[in-house]
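S.K.: Residue numbers are given in this note's numbering: position 298 of the sequence shown equals residue 379, and the series is strictly consecutive.
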Amino acid sequence: MNGFGYRITGDTAERVAVKDALAGTADLIWVHLTSNEAEAQAWLCDEAHLSNYVVDALTAMETRPRCEAFDEGALVNLRGRSREAIDASDLLPSVRIWAVKGRVYSVTRKPLYAIDAVEKEVEAGHILDPGDLIAAFATAITSDLDPQVTDLGDLLDDCEESLDANKVFELRRHVTRVRVEAIAYRRFLNPQRTALENLAGLPGEWLAADDRQHLASAADRAARMAEEVESIRERASLIHEALTDLRAEQIDRRSLVIAIVAMIFLPLTFITGVYGMNVANLPYAQSPWAFDAIMGFCLAITVGVLGYFMRNHWFR
């Protein structure tokens, strides 16, 4: 028989259709739930009649990518991108899957891009059994993540080409965002690769040879992305250090200019301060040439200080 895919919503007619389908003998029935923990637990227990262990695994709040064989099926947890805005520290929401022969149950709290891709495969008739469905999930998730990782690398390339002390704050914002996303992706890509490798090696007739090949390919792709993300994270750290050095160098140069100006005006301030005192008997205070002499002396001091700095290469 053909395969069927259902999304559980509040629609009563759809719930009845799912119940009738589960009572049948189709080669594949896929039920996907996008709901809160209580609603999903209630349906999985009352309608799907799954064990408490499986229900808890499918509705757990905190999860990491994993694959675990249980009875005649497998519990699979994968992470993929979502259409909804999410916490920057957890960029990849999870899809939890319970697969047995002829049946697949999946649960998400956020709408994943991969779900839409898998639905299109089901509608096109390319998904014929649970192995095909899980392989399609793995392929869709890795295919969706790959361009995002590539974009992070490209953004770092642009930052490296634009290193400039005058753009430190703008570049630092970009590099920080890349680092945050790379760390978030790295947190899940390595366990996801391990989960896919474990899934590809699980015993059972419900996983065909071509399904195992697709899962192995997805695992290799996840491994490559994990290596790329690690490289991006290290490059981002190096660029961040380079920006810090540029900023420090810029501050040093400005401090040097301030120091030079202070050194020039320090003796001038002393001279003008002395002759600005309102006291009697200042030398040459009554001489008509005194002002010109003092100004010439100040100019000589300025030229002398500047000459000293230039001779000692302070301006380089």
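No residue lacks a Cβ here, since even glycine has one placed at the ideal position from N, Cα and C. The structure presented is a predicted model; accordingly, all values stated were derived computationally and were not measured.
Quick one: what does DSSP say E143 is sitting in, helix, strand or coil?
M.R.: coil
S.K.: Could you tell me whether any non-hydrogen atom of the ligand NAP is closer than 7 angstroms to the CB of T140?
M.R.: You won't find the ligand NAP in this model; it holds no ligand whatsoever.
S.K.: Taking L380 as the reference, give the member of R392, T353, R258 and A366 with the closest Cα.
M.R.: T353
S.K.: Please look up how many angstroms separate the CB atoms of V135 and L156, rounded, as I've assumed it's under 8 angstroms.
M.R.: 7 angstroms
S.K.: How close, in whole Å, do the beta carbons of A299 and A219 come, if the pair is a contact with beta carbons under 8 angstroms?
M.R.: 4 angstroms
S.K.: Among R162, A343 and A180, which one has its Cα closest to the Cα of F390?
M.R.: A343
S.K.: If I follow the unbroken beta strand (DSSP E) through I352, where does it start and stop?
M.R.: Careful: I352 lies outside any beta strand (DSSP E), inside the alpha helix (DSSP H) at A290 to Y356.
S.K.: Measuring straight from C-alpha to C-alpha, what distance separates N158 and I339?
M.R.: Spanning the two alpha carbons is a distance of roughly 60 angstroms.
S.K.: When you compare each of A121, H130 and C126 to M142 by their alpha carbons, which one comes out closest?
M.R.: A121
S.K.: Which residue wins for smallest C-alpha separation from A307, given the options L270, A281 and V185?
M.R.: L270
S.K.: Quick one: grab the DSSP three-state call for R164.
M.R.: Coil, per DSSP.
S.K.: Expressed to the nearest angstrom, what Euclidean distance is found between the alpha-carbon atoms of G161 and R274?
M.R.: 13 angstroms
S.K.: Helix, strand or coil, according to DSSP, for T90 in the structure here?
M.R.: Low local confidence applies: a pLDDT of 46 at T90 is under 50, so the model's placement there is unreliable, and no value is given.
S.K.: Just to check my reading of the structure: V249 and Y186 have Cβ atoms closer than 8 angstroms, yes? What is that Cβ distance to the nearest angstrom?
M.R.: Not quite, the Cβ-Cβ distance comes to about 51 angstroms (not below 8 angstroms), so this is no contact.
S.K.: What is the DSSP secondary structure of G234, counted as helix, strand or coil?
M.R.: Three-state DSSP puts G234 in a helix.
S.K.: Could you tell me the alpha carbon to alpha carbon distance between L296 and G206, rounded to whole angstroms?
M.R.: 19 angstroms
S.K.: Note the first and the last residue of the continuous alpha helix (DSSP H) segment covering I178.
M.R.: It is not in any alpha helix (DSSP H) - I178 instead sits in the beta strand (DSSP E) that spans S175 to V181.
S.K.: Return the bridge partner residues of Y186 from the DSSP annotation.
M.R.: V112 and W179
S.K.: Measuring only the C-alpha atoms, how far is T325 from I345?
M.R.: Spanning the two alpha carbons is a distance of roughly 30 angstroms.
S.K.: Would you check if the distance between the CB atom of G183 and the CB atom of A289 is smaller than 8 angstroms?
M.R.: no
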